[in-house]
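2 protein chains.
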Amino acid sequence: MPQAPFTAMSLCNNATLRRATRKLGQFYDDALAPSGLRATQQGLLYLIKAIDEPAMGVLADALVMDLSALGHTLKPLIRDGLVETFADTQDRRVKRVRLTAAGSEKLDVALKLWMVAQQHVEELMGKEQAARLRETLDTIAQLDFGKI
Amino acid sequence: MPQAPFTAMSLCNNATLRRATRKLGQFYDDALAPSGLRATQQGLLYLIKAIDEPAMGVLADALVMDLSALGHTLKPLIRDGLVETFADTQDRRVKRVRLTAAGSEKLDVALKLWMVAQQHVEELMGKEQAARLRETLDTIAQLDFGKI
DNA sequence: TTAATTTAGTGGTATATGCCACTAATAGGT
DNA sequence: ACCTATTAGTGGCATATACCACTAAATTAA
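As structure tokens, this is what we get:
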């Protein structure tokens, strides 16, 4: 049973979402620590590899993240030589992103750790519930709240 | 149908959680903007009021948040005169938190805006799905991943 | 074609959040 | 009482993430 202080916040969709994110982020971060990557960084590397040389805007859209936030997030990864950017040949405004060899190796290491963490979570939550959750979360990420 | 770049990330519980948090946070932040509070700040003020003069550690636990992170988060609210801290009379290590009159008024304003945002989300998601989601998220926030 | 508009990214600033090292104060053990 | 271990918070540093104002490049309109 949740304690009263915990429950006081449980009516707000956003607040409960953030709280769960802190908890789960903590767990994945701990699991990935041996790789030297944060969970967000691992996810970012994975996505860069999956999309294959995405433009920054495409990456930001896939992450449902502000473009400038993505730029800031990439900085430590570039600094550490895991990621590099290069100009698009067609459109000189566009900057594309790819993993370096070091980034690719680091991702391989991190993925093994991720797998264990993911497995652990699925056991604790149950695979069906986890799948349902991800579906709901994907729906939220794509909601159209309307412009104005 | 989600686009491939979007879907590339949808297998990780943590990544989908963060992505949905960005999206929903955006929406609640926009809705609360007229109050001058971010959604996280509104949630924090609400919780401080609900628990009634909580010690910082209690507040951090309720938020499933690192104690030092809470300290940092409180700073702008204290600076803006919405929140104040005071020493516990029993245990001089303990610092308690309460709303100021200004904070209380600000919260009232923010709560009206929150209500509209919350309602909007519930309409888009459906009340049952939203309730189920919050339940799942509360469960996650209380998971025991084991010490080690 | 030139001018106006839209699009892609950058850099600054602010909040959100975590870890670590450190201090102060309480609690426990002898 | 005294020494040790635990607990509550602080401050510094690093990443995560948003908004804004700005630049450069491409697209559209006149």
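Chains as they are written, first to last, in the working numbering: chain A, 1 to 148; chain B, 1001 to 1148. Note that CB positions come from ideal geometry on N, CA and C, so glycine has one too.
Original post:
Does DSSP put A:R132 in a helix, in a strand, or in coil?
Top reply: helix
Subject >> Cβ neighbours of B:I1148 in the same chain (closer than 8 Å, five flanking residues each side left out) >> reply: Confidence in B:I1148 is poor, its pLDDT being 46 and thus under 50, which makes the residue's placement unreliable; the coordinate value appears in the next sentence. Excluding residues within five positions, none has a Cβ falling inside 8 Å.
Original post:
Under 7 Å Cβ-Cβ, which residues of chain A neighbour B:T1136?
Top reply: Q129, L133
Subject >> Runs of alpha helix (DSSP H) lying entirely within the segment 65 to 121 of chain A, each at least 4 residues, in chain order >> reply: 67 to 79
Original post:
Does any residue of chain B bring its CB to less than 9 Å from the CB of A:Q142?
Top reply: yes
Original post:
Just checking, does the segment 1090 to 1107 of chain B make contact with the segment 76 to 84 of chain A on the three C-beta pairs under 8 Å criterion?
Top reply: no
Original post:
When the Cα atoms are used, what is the spatial distance from B:A1117 to A:H120?
Top reply: 34 Å
Original post:
Ends of the alpha helix (DSSP H) at B:A1004?
Top reply: 1004 to 1007
**OP:** Assign B:R1019 to one of two classes, buried (16 or more other C-beta atoms within 10 Å of its C-beta) or exposed (fewer than that).
**Re:** buried
Original post:
For A:Q156 and chain B, any beta-carbon pair shorter than 9 Å?
Top reply: Only positions 1 to 148 of chain A appear in this structure, which leaves residue 156 of chain A out of reach.
Original post:
What residue does the alpha helix (DSSP H) around B:R1019 start on, and which one ends it?
Top reply: 1013 to 1032
Original post:
Do the segment 1129 to 1146 of chain B and the segment 10 to 18 of chain A meet, that is, are 3 or more Cβ pairs less than 8 Å apart?
Top reply: yes
**OP:** Could you list the residues in the segment 14 to 38 of chain A with a C-beta less than 7 Å from some C-beta on chain B, going in chain order?
**Re:** N14, A15, T16, L17, R18, R19, A20, T21, R22, K23, L24, G25, F27, Y28
Original post:
Checking contacts by CB at 9 Å: is B:Q1003 closer than that to chain A?
Top reply: yes
Subject >> Alpha carbon of A:K95 to alpha carbon of B:D1091, nearest angstrom >> reply: 56 Å
**OP:** Using DSSP bridges, identify the partner residues of B:A1055.
**Re:** B:R1096
Subject >> C-beta atoms of B:P1076 and A:V58 nearer than 9 Å >> reply: no
Original post:
For B:A1069, is the classification buried or exposed, using 16 other Cβ atoms within 10 angstroms of its Cβ as the cut-off for buried?
Top reply: exposed
Original post:
Can you list the residues of chain B that A:V77 reaches, using a CB-CB cut of under 8 Å?
Top reply: One detail in the question is off: residue 77 of chain A reads as Leu in this sequence, not Val. None at all; the shortest Cβ gap to chain B is about 16 Å.
**OP:** Can you grab the Cα-Cα spacing for the pair A:T100 / B:K1127, in whole Å?
**Re:** 46 Å
Original post:
Who are the near neighbours of A:P34 in its chain, counting only those whose CB is closer than 7 Å to its CB and skipping five residues on each side?
Top reply: L113
Subject >> is_contact[B:L1045, chain A] using C-beta, thresh 9 Å >> reply: no
Original post:
Applying a beta-carbon distance threshold of less than 8 Å, which residues of chain A neighbour B:S1010?
Top reply: R134, D138
**OP:** Could you tell me which chain A residues have their CB closer than 7 Å to the CB of B:L950, listed as they occur along the chain?
**Re:** The first residue shown for chain B is 1001 and the last is 1148, placing residue 950 of chain B beyond what the model contains.
Original post:
So, is A:R149 buried or exposed, given that buried needs 16 or more other C-beta atoms within 10 angstroms?
Top reply: Outside the shown range of chain A (1 to 148) lies residue 149 of chain A, about which nothing can therefore be said.
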